[in-house]
Amino acid sequence: IIQLGAWEELYPSPLIAYADMEPTTLPSGDHNIAYVLSLMTCPNPNGTPSPEEQVYLNGQYDPERSFFDSAAVLKTSICTHTIQTEGSGSEYDFTMYAIVHSKAVTCLNSDGAEYDRVQALQELGYWVLIYDEPVPKGQISGSTYLRDNYDNTGVRDLIKLHAYKLEQHPVVVMVDLTTLILQPLDEVINSFLADPAKAMYTKDYATTLPVTGTNQGINTGLFFLKPSKEEFDALKNTYATSYYDEENGWGELG
């Protein structure tokens, strides 16, 4: 069981609005699976919404409503296929988490007004954890490129690593707002727990690159991992100390 202290001690400022929250206990259990949604950035309030974000209010794209609806549909699809729903056939309970970057807590709507994504998630029953990047710029020693381009290399994606710290759960399932669970995951989870592998994932093609048949990447929209603070520290160290080349990738391996 993990006891949470005062928010102002756990999370970076300026999260004054959450400083008065009472200490609480995170859910746990051998049959309680953590589903984790990660939010690194805010959507462009004036951009072209993706199909899953096309929610409009009075004829205007509404990022706030789109976000709330997407988060609600995601949680419902998961809950429907767990022990929480009678007749689902699942033996596993679930807990919904959201790992939110400290600069993605409040975002702008199309009308310029701010909306609070943490508040929306809490209303939907998510446990919200707010973090910055786990590898600060000053700790990067293996790659000059990563250090010099710290804010332009997707470093915020590293907040997903914080899911490894949820050791009170046997398995963490990383999801995103495009994920939809259509059946119980018991068979997959049981197979994963019986295997020594630390992670399990599918691969997909990037939507911004032509399909060549060999350029598949890891799909973090459905990514299974076994939480471990030791693995969390190891991955942070690997990112900080490994060589990365802009053209040839990690260790110049392409």
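Numbered according to the working numbering, the sequence shown terminates at residue 236, and the numbering increases by one at each position without gaps. Backbone N, C-alpha and C define an ideal beta-carbon position, used for all residues, glycine too.
Looking at the secondary structure, which residues open and close the beta strand (DSSP E) in which Asp98 lies? Numbered from its first residue, the sequence shown carries residue 98 at position 116. Membership of Asp98 in the beta strand (DSSP E) is indicated by the continuous run Glu96 to Asp98.
Please check the pair Thr202 and Met156, which I expect to be a contact at CB under 8 Å, by giving their CB distance rounded to whole angstroms. If you number the sequence shown from 1, residue 202 lands on position 220. If you number the sequence shown from 1, residue 156 lands on position 174. Contact holds; Cβ gap of about 5 Å.
Integer-rounded CB distance, given that Thr161 should sit under 8 Å from Leu278: This structure leaves residue 278 out entirely; the chain is present only between -17 and 236.
In terms of residue numbering, what span does the alpha helix (DSSP H) encompassing Asp168 cover? As a first step, residue 168 must be located in the sequence shown, where it is residue number 186. First-last of the alpha helix (DSSP H) with Asp168: Asp168 to Leu175.
Strictly under 8 Å for the Cβ-Cβ distance: is Ile112 near chain D by that measure? Here chain D cannot be found, since the structure has a single protein chain.
Count Cβ pairs between the region 103 to 113 and the region 166 to 182 that sit closer than 8 Å; are there 3 or more? Flag = no, the region 103 to 113 and the region 166 to 182 do not touch.
Return the residue from the list Ala222, Asp75 and Leu164 that minimises the CA-CA distance to Thr126. Position 144 of the sequence shown holds residue 126. Measuring from the Cα of Thr126, the nearest candidate turns out to be Ala222.
Along the alpha helix (DSSP H) that carries Asn81, what are the first and last residues, could you check? As a first step, residue 81 must be located in the sequence shown, where it is residue number 99. Note on identity: in this sequence residue 81 is Ile, with Asn being the wrong assignment. Judged by DSSP secondary structure, Ile81 falls outside any alpha helix (DSSP H) and instead within the beta strand (DSSP E) spanning Asp75 to His83.
What are the partner residues of Met156, as DSSP defines its beta bridges? What you label residue 156 is simply residue 174 of the sequence shown in a count that begins at 1. DSSP, once it has assigned bridges, lists Val18 and Phe205 as partnering Met156.
Beta-carbon contacts of Ser173 that lie in its chain and below 8 Å, excluding the five residues immediately before and after: Position 191 of the sequence shown, counted from the start, is the residue given in the question as residue 173. Once the five neighbours on either side are set aside, Ser173 has no close Cβ partner at all.
For the structure I just gave you, are there three or more beta carbon pairs, one from the region 115 to 130 and one from the region 51 to 68, closer than 8 Å? Here the region 115 to 130 makes no contact with the region 51 to 68; the two share fewer than three CB pairs at distances below 8 Å.
Do Val154 and Leu207 count as a contact pair if the criterion is CB distance below 8 Å? Walking along the sequence shown from the start, residue 207 turns up at place 225. Walking along the sequence shown from the start, residue 154 turns up at place 172. For the pair Leu207 and Val154, the CB atoms are nearer than the 8 Å cut-off.
For Thr88, the first and last residue of its enclosing beta strand (DSSP E): Within the sequence shown, numbered from 1, the residue matching residue 88 stands at position 106. Looking at the DSSP string, the run of the beta strand (DSSP E) that includes Thr88 is Thr88 to Leu90.
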